[in-house]
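Participant: Pasting in a structure now, in structure tokens, and then I'll have a few things to ask.
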Amino acid sequence: MDLLKRIFVKVGVLPFLLVALVILFSLAEHRFMSLSNLLNVGRQTTYLAIVTAGQMLTILCAGFDLSVGSSVALTSIVTSMVMVSVADPTTAMVLGILAGIGTATLVGLANGITIAVFRVSPFVVTLGMLSVAHGLALLISSGVPIFNMPEQLNTIFGLGMVWGIPVPVLVAASIVALIWLLLSRTRVGRYFYALGGNREAARLSGIAVRKYTALAYVLCGTLTGITGVMLTARVASGEPNLGANLPLESIAAAVIGGVSLRGGEGNIIGAIFGAILIVTIRNGMDLMNISSYLQMVVMGCLLIFAVVMDQFRLSMKGR
Amino acid sequence: MSELLLKAENITKTFPGVKALDKVNFDLRAGEVHVLFGENGAGKSTLTKVLAGSYLPDEGDIYLRGQKMAFKNPYDARSRGVSAVYQEFSLVPKLTVVENLFLGRELTKRGFLDKEAMLKQARASLEDLGFDLDPMAKVGGLKRAERQMVEITKAFQEKMSVLILDEPTASLSDKEVIRLFELIVRLKGEGVGIIYISHRIDELKKVGDRISVLRDGRNVATMDMAEADEEKLISLMTGRDYEEIFPVIETTPGKVVLEVQNLSTVTGLHDISFQVRQGEILGIAGLVGAGKSRVGRALYGLEKVTGGTVIMEGYAVEEPTPITSLKLGVMYFPADRHKEGLVLCRSVRENQTMAALPLFEKKGFIDLKREESTVRGIVKKMNVRPSRIHGAINNLSGGNQQKVMLSRGLTREVKLFIFDEASCGIDVGAKREVYLFLKEQAEKGAAVIFISSELTEVLHLSHNIVVMHAGTVAKTMPGLGATEEDVLSACFGYDYQNICNNGNGSRTGGSVANSIEG
Chain X
229 MDLLKRIFVK
239 VGVLPFLLVA
249 LVILFSLAEH
259 RFMSLSNLLN
269 VGRQTTYLAI
279 VTAGQMLTIL
289 CAGFDLSVGS
299 SVALTSIVTS
309 MVMVSVADPT
319 TAMVLGILAG
329 IGTATLVGLA
339 NGITIAVFRV
349 SPFVVTLGML
359 SVAHGLALLI
369 SSGVPIFNMP
379 EQLNTIFGLG
389 MVWGIPVPVL
399 VAASIVALIW
409 LLLSRTRVGR
419 YFYALGGNRE
429 AARLSGIAVR
439 KYTALAYVLC
449 GTLTGITGVM
459 LTARVASGEP
469 NLGANLPLES
479 IAAAVIGGVS
489 LRGGEGNIIG
499 AIFGAILIVT
509 IRNGMDLMNI
519 SSYLQMVVMG
529 CLLIFAVVMD
539 QFRLSMKGR
Chain W
565 MSELLLKAEN
575 ITKTFPGVKA
585 LDKVNFDLRA
595 GEVHVLFGEN
605 GAGKSTLTKV
615 LAGSYLPDEG
625 DIYLRGQKMA
635 FKNPYDARSR
645 GVSAVYQEFS
655 LVPKLTVVEN
665 LFLGRELTKR
675 GFLDKEAMLK
685 QARASLEDLG
695 FDLDPMAKVG
705 GLKRAERQMV
715 EITKAFQEKM
725 SVLILDEPTA
735 SLSDKEVIRL
745 FELIVRLKGE
755 GVGIIYISHR
765 IDELKKVGDR
775 ISVLRDGRNV
785 ATMDMAEADE
795 EKLISLMTGR
805 DYEEIFPVIE
815 TTPGKVVLEV
825 QNLSTVTGLH
835 DISFQVRQGE
845 ILGIAGLVGA
855 GKSRVGRALY
865 GLEKVTGGTV
875 IMEGYAVEEP
885 TPITSLKLGV
895 MYFPADRHKE
905 GLVLCRSVRE
915 NQTMAALPLF
925 EKKGFIDLKR
935 EESTVRGIVK
945 KMNVRPSRIH
955 GAINNLSGGN
965 QQKVMLSRGL
975 TREVKLFIFD
985 EASCGIDVGA
995 KREVYLFLKE
1005 QAEKGAAVIF
1015 ISSELTEVLH
1025 LSHNIVVMHA
1035 GTVAKTMPGL
1045 GATEEDVLSA
1055 CFGYDYQNIC
1065 NNGNGSRTGG
1075 SVANSIEG
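Here it is as structure tokens:
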């Protein structure tokens, strides 16, 4: 019991949930533990994992980003519009990808500057941006999906395999590795933790608080853009309604993974496990034929539960 | 002997990492003033908060008129006649004086607020106490002293039998102090027991009947005020002699490091001029609200400078910011280490190197090995306990947290240290270590600005003393040979001796006030 309590205080509620769910799903549905399904879970996790990595950076800085979903949709539309307007497939793909990631980065920059320089709350700024980016995506696309993109996009970035590993998984793994390096081995990472944990102390220690806060949102934007491009590749069309669940799921994943909403606490490994947990739940519920409406209810409850547990953990730490 | 009003037996109160009260016994008789005396962090405030219902004791019993009590909260205590006036105010800034006075017990007429009646009563109470205050003024716009008056009025409005006053004179003027003392005499006559916290020994001798000295959470002595003299109180308070606490700091002042000319800020500092040399400790003293801590903040770039010049090693600093200040070799340590100093959820290691990370970089990455060995060296040198450098810093005691914060000064080259209340809220042992840190830095040739409310500290450590009064420099004097009266007179902007002797026939009081804290 004491050991369990120590684990809870140290890493949070995640290990307990993961174990419980794996047992529950494998008992309820024999297909759950099959290799093909597990691979499927792995593939589905990559998209959420990359967004969660970005989301986590903003949460470390004591903020969050509600606009990640709309930003994915906008990326998808921009990428596909650019691709269909260029004839040569390779040029089209390069330009489209750059344009998509660039757009999402700009969205992040707009978030970051408003939050860091004008000191508006992340909630208001990114909620507004959620509407702005989604609105733009619908406006540009007139609300309809965009087809006729180069086929290679889907075959390489959507379904492609390198060394027997799906390309999206490779991309996600490299991003996770880079973020891990950033957080644990560079000044930037330390500054994120410091300014998220105590903004004033960070400022007094000579840290350019505004610059680094903005940087967290820019990086989140870039990672969101990468996800947008990869999701577009996977569905082989530009979708103005892509990624609607991402804000909730990425925040839930990070918080369940031990990233504190108060800022300054958490690590990428936890956050990624949080993402795995969320995808596992979704997958398990799909297999059990639970309606998507009910799934929404479950996901919402999960987020609230995670935050309650985080609060509880804080009080157990004493203070 | 008069009736025993309040009695506390074996009170113990523990906070994470610190035993604030350890089996404290305390009693209060009707019609007496019982003084609580001790250093910052000795447990005075905690004890009063236990007695007034703000904290529940972990162990021990409280008896009110012989009846065992367990106050659920301050309102419960107040309703039974135990009122407290704390240093940190419990007023709502956006509300007016009247609204604050009646907060939680508003007068009503037919279900609606009876504003007229409240205003009338408030006027009467203020007049009765002799406080010249507009009852309709917003509390947020009042000066500190005026807020203190509101706080005192609030306590006096209640029918009370026990009154707790925590540093009530900290920001009152001489006239108001005399008025307050008259009120205390009146209350004593009505049989009210008063618990009085102050650092000013003169003042204590004047109002106190008995005195209890607290040290490290224990009641080390209770005696009649007449038996107490300054020397005895100080040694009881600190547990040792001056010489053991304060190191002798050799100085060979070198060239001028910082020169400040006619500095003024948006927050009301004006015409501030002084200079600090290499190897010199410049103490800055002053009452609460005199602006001593704003001087440090302005120099480091935390308050907007509106005029004057700051010259750092011959280089005129236009608009200092923490980033440029650090580059110039200025390091500032804030008074509130939790709010502005430390990132509590992060490790000792990260807290120690956060102001110097670029210096630990190799090819864009932090050289973790070199960082770790530096941090371990510093932890050992500063005697930080526990010495685990990866643990979150909020598990350390106040003194150790302070040492971690100060040791940031060892991770990069610093030419000018600015300490704001460096020894606040830490025990005597840790204080001694903080002073030794100061000594070492000064003797190595750094210039030091030492801002403190503890007068003894300023007098014993400083080579030069700047005394602040009302936002400007009242007096500058050499540290050697400076006495408490010299500094206090300048602090108050008038002759301190006169006030203490005013209306005090028999006792002229020992000449020394230990502290002007607030």
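Residue numbers (our numbering), protein chains in the order written: chain X, 229 to 547; chain W, 565 to 1082. We put the beta carbon where it would ideally sit given N, CA and C, even for glycine. Being a predicted model, the structure only gives us computed values, none of them experimental.
At a CB distance below 8 Å, what residues from the region 433-465 of chain X approach chain W? Give them in sequence order.
Facilitator: Within the region 433-465 of chain X, the qualifying residues are 433, 434, 435 and 436.
Participant: Indicate whether residue 288 of chain X and residue 491 of chain X have their beta-carbon atoms separated by less than 8 Å.
Facilitator: For the purposes of this step, residue 288 of chain X is taken as the residue at position 60 of the first sequence. For the purposes of this step, residue 491 of chain X is taken as the residue at position 263 of the first sequence. Yes, they are a contact pair.
Participant: At 7 Å on the CB atoms, spell out the chain W contacts of residue 379 of chain X, in chain order.
Facilitator: Taking the first residue of the first sequence as 1, we reach residue 379 of chain X at position 151. Within chain W, no residue comes near residue 379 of chain X; the closest Cβ sits about 39 Å away, beyond 7 Å.
Participant: Can you pull out the residues from the region 478-507 of chain X whose beta carbon lies closer than 7 Å to at least one beta carbon of chain W?
Facilitator: Here the close residues are 492 and 493.
Participant: Three Cβ pairs or more, each shorter than 8 Å: is that satisfied between the region 823-837 of chain W and the region 998-1012 of chain W?
Facilitator: No, because fewer than three Cβ pairs between the region 823-837 of chain W and the region 998-1012 of chain W fall closer than 8 Å, the two stretches do not touch.
Participant: Can at least three beta-carbon pairs, one atom from the region 771-786 of chain W and one from the region 596-608 of chain W, be found at a separation below 8 Å?
Facilitator: Because the criterion of three Cβ pairs below 8 Å is met, the region 771-786 of chain W and the region 596-608 of chain W touch.
Participant: If you draw a straight line from the alpha carbon of residue 285 of chain X to that of residue 497 of chain X, how long is it in whole angstroms?
Facilitator: Here residue 285 of chain X is taken as the residue at index 57 of the first sequence, counted from 1. Here residue 497 of chain X is taken as the residue at index 269 of the first sequence, counted from 1. Cα to Cα, the separation comes out at about 13 Å.
Participant: In angstroms with no decimal places, state the Cα-to-Cα distance between residue 291 of chain X and residue 351 of chain X.
Facilitator: In the first sequence, counting from the first residue as 1, residue 291 of chain X sits at position 63. In the first sequence, counting from the first residue as 1, residue 351 of chain X sits at position 123. If you take the alpha carbons of residue 291 of chain X and residue 351 of chain X, they lie about 8 Å apart.
Participant: Residues of the region 394-415 of chain X with a CB closer than 7 Å to any CB of chain W: list them in chain order, please.
Facilitator: Taking 7 Å as the Cβ-Cβ cut-off against chain W, the residues of the region 394-415 of chain X that qualify are 413, 414 and 415.
Participant: Determine, for residue 291 of chain X, whether the minimum Cβ-Cβ distance to residues of chain W falls below 8 Å.
Facilitator: Position 63 of the first sequence holds residue 291 of chain X. No, residue 291 of chain X does not count as interfacial toward chain W.
Participant: How would you label residue 672 of chain W, buried or exposed, when you count the other beta carbons within 10 angstroms and need 16 or more for buried?
Facilitator: Working through the second sequence from its first residue, we reach residue 672 of chain W at position 108. Result: exposed.
Participant: Determine the contact status of residue 1010 of chain W and residue 980 of chain W, defining contact as a CB-CB distance below 8 Å.
Facilitator: The residue labelled residue 1010 of chain W in the question sits at position 446 within the second sequence. The residue labelled residue 980 of chain W in the question sits at position 416 within the second sequence. Cβ distance < 8 Å, so residue 1010 of chain W and residue 980 of chain W count as in contact.
Participant: What are the complete alpha helix (DSSP H) segments, minimum 4 residues, inside the region 325-400 of chain X?
Facilitator: Listed in chain order, they are 350-369.
Participant: Using the C-alpha atoms, what's the distance from residue 962 of chain W back to residue 272 of chain X?
Facilitator: The residue given as residue 272 of chain X occupies position 44 in the first sequence. The residue given as residue 962 of chain W occupies position 398 in the second sequence. Straight-line Cα distance between these residues: approximately 48 Å.
Participant: When the Cα atoms are used, what is the spatial distance from residue 517 of chain W to residue 367 of chain X?
Facilitator: This structure does not reach residue 517 of chain W, given that chain W is present from 565 up to 1082, and the question cannot be answered.
Participant: Please state the DSSP three-state secondary structure of residue 1059 of chain W.
Facilitator: The residue labelled residue 1059 of chain W in the question sits at position 495 within the second sequence. Here the model assigns residue 1059 of chain W a pLDDT of 49, short of 50, so the residue's position is not dependable and the matter cannot be decided.
Participant: How many angstroms separate the CA atom of residue 990 of chain W from the CA atom of residue 799 of chain W?
Facilitator: Indexing the second sequence from 1 puts residue 990 of chain W at position 426. Indexing the second sequence from 1 puts residue 799 of chain W at position 235. Spanning the two alpha carbons is a distance of roughly 17 Å.
Participant: Taking C-alpha atoms, which residue in W:754, W:923, W:619 and W:614 lies nearest to residue 414 of chain X?
Facilitator: Reading the first sequence from its first residue, position 186 is the one you call residue 414 of chain X. Of the candidates W:754, W:923, W:619 and W:614, the one whose C-alpha sits nearest the C-alpha of residue 414 of chain X is W:923.
Participant: Flag this pair as touching only if the region 617-625 of chain W and the region 658-665 of chain W have three or more C-beta atom pairs under 8 Å; answer yes or no.
Facilitator: Touching, no.
Participant: Going along chain X in order, which residues have a C-beta closer than 9 Å to the C-beta of residue 904 of chain W?
Facilitator: For the purposes of this step, residue 904 of chain W is taken as the residue at position 340 of the second sequence. Here the neighbours are 426, 428, 429, 431 and 432.
Participant: Taking the alpha carbon of residue 345 of chain X as the reference point, which residue from X:436, X:389, X:362 and X:269 has its own alpha carbon closest?
Facilitator: Numbered from 1 along the first sequence, position 117 holds the residue referred to as residue 345 of chain X. Of X:436, X:389, X:362 and X:269, the residue nearest in Cα terms is X:436.
Participant: May I have the straight-line CA-CA distance separating residue 470 of chain X from residue 372 of chain X, to the nearest angstrom?
Facilitator: As a first step, residue 470 of chain X is located in the first sequence; it is residue number 242 there, counting from the start. As a first step, residue 372 of chain X is located in the first sequence; it is residue number 144 there, counting from the start. Rounded to the nearest angstrom, the two C-alpha atoms are 12 Å apart.
Participant: In whole angstroms, give me the CA-to-CA distance for residue 1061 of chain W and residue 1048 of chain W.
Facilitator: Residue numbering aside, residue 1061 of chain W sits at position 497 when the second sequence is read from its first letter. Residue numbering aside, residue 1048 of chain W sits at position 484 when the second sequence is read from its first letter. With a pLDDT of only 48 at residue 1061 of chain W, under the threshold of 50, the placement of this residue in the model should not be trusted, and no figure is reported.
Participant: Please compile the residues from chain X whose C-beta is within a distance smaller than 8 Å of the C-beta of residue 619 of chain W.
Facilitator: Here residue 619 of chain W corresponds to residue number 55 of the second sequence, with the count starting at 1. Correct list: empty, because the minimum Cβ distance to chain X is about 15 Å.
Participant: Using a 10 Å radius around the Cβ and a threshold of 16 neighbouring Cβ atoms, would you call residue 258 of chain X buried or exposed?
Facilitator: Within the first sequence, the letter at position 30 stands for residue 258 of chain X. Flag for residue 258 of chain X reads exposed.
Participant: Please list the partners that residue 914 of chain W has in chain X, where partner means a Cβ-to-Cβ separation under 8 Å.
Facilitator: The residue you call residue 914 of chain W lines up with position 350 of the second sequence. In chain order: 418, 421 and 422.
Participant: Only counting the same chain, and skipping five residues up and downstream in sequence, which positions put a Cβ closer than 7 Å to that of residue 499 of chain X?
Facilitator: Counting from one through the first sequence, the residue named residue 499 of chain X turns up at place 271. Hits under 7 Å: 280, 281, 284, 481, 482, 485 and 487.
Participant: Which runs of the alpha helix (DSSP H), 4 residues or longer, sit entirely within the region 836-911 of chain W?
Facilitator: For the region 836-911 of chain W, whole alpha helix (DSSP H) runs of length 4 or above, ordered along the chain, are 856-864 and 886-891.
Participant: Quick one: is residue 919 of chain W near chain X, going by C-beta distance under 8 Å?
Facilitator: Working through the second sequence from its first residue, we reach residue 919 of chain W at position 355. Chain X, which has a Cβ nearer than 8 Å to the Cβ of residue 919 of chain W, makes this yes.
Participant: With a threshold of 6 Å on Cβ separation, who are the neighbours of residue 782 of chain W within its own chain once the five nearest residues in sequence on each side are excluded?
Facilitator: As a first step, residue 782 of chain W must be located in the second sequence, where it is residue number 218. Correct list, in chain order: 586.
Participant: Going by DSSP in three states, residue 1046 of chain W sits in which element: helix, strand or coil?
Facilitator: Indexing the second sequence from 1 puts residue 1046 of chain W at position 482. Three-state DSSP puts residue 1046 of chain W in coil, outside helix and strand.
Participant: Along chain X, in chain order, which residues have C-beta atoms closer than 8 Å to that of residue 928 of chain W?
Facilitator: Stepping through the second sequence from its first residue, residue 928 of chain W is reached at position 364. Near residue 928 of chain W (Cβ distances below 8 Å), the residues of chain X are 414.
Participant: If we call anything under 8 Å between Cβ atoms a contact, is residue 847 of chain W one with residue 1014 of chain W?
Facilitator: Numbered from 1 along the second sequence, position 283 holds the residue referred to as residue 847 of chain W. Numbered from 1 along the second sequence, position 450 holds the residue referred to as residue 1014 of chain W. It is a contact, given that the beta carbons lie within the stated cut-off.
Participant: Can you list the residues of chain X that residue 886 of chain W reaches, using a CB-CB cut of under 9 Å?
Facilitator: Counting from one through the second sequence, the residue named residue 886 of chain W turns up at place 322. By Cβ distance, chain X contributes 431, 432, 433, 434 and 435.
Participant: Drop a sphere of 10 angstroms on the beta-carbon of residue 954 of chain W, count the other beta-carbons inside from all chains shown, and report buried for 16 or more, exposed for fewer.
Facilitator: Stepping through the second sequence from its first residue, residue 954 of chain W is reached at position 390. Flag for residue 954 of chain W reads exposed.
Participant: Does DSSP put residue 964 of chain W in a helix, in a strand, or in coil?
Facilitator: Counting from one through the second sequence, the residue named residue 964 of chain W turns up at place 400. Three-state DSSP puts residue 964 of chain W in a helix.
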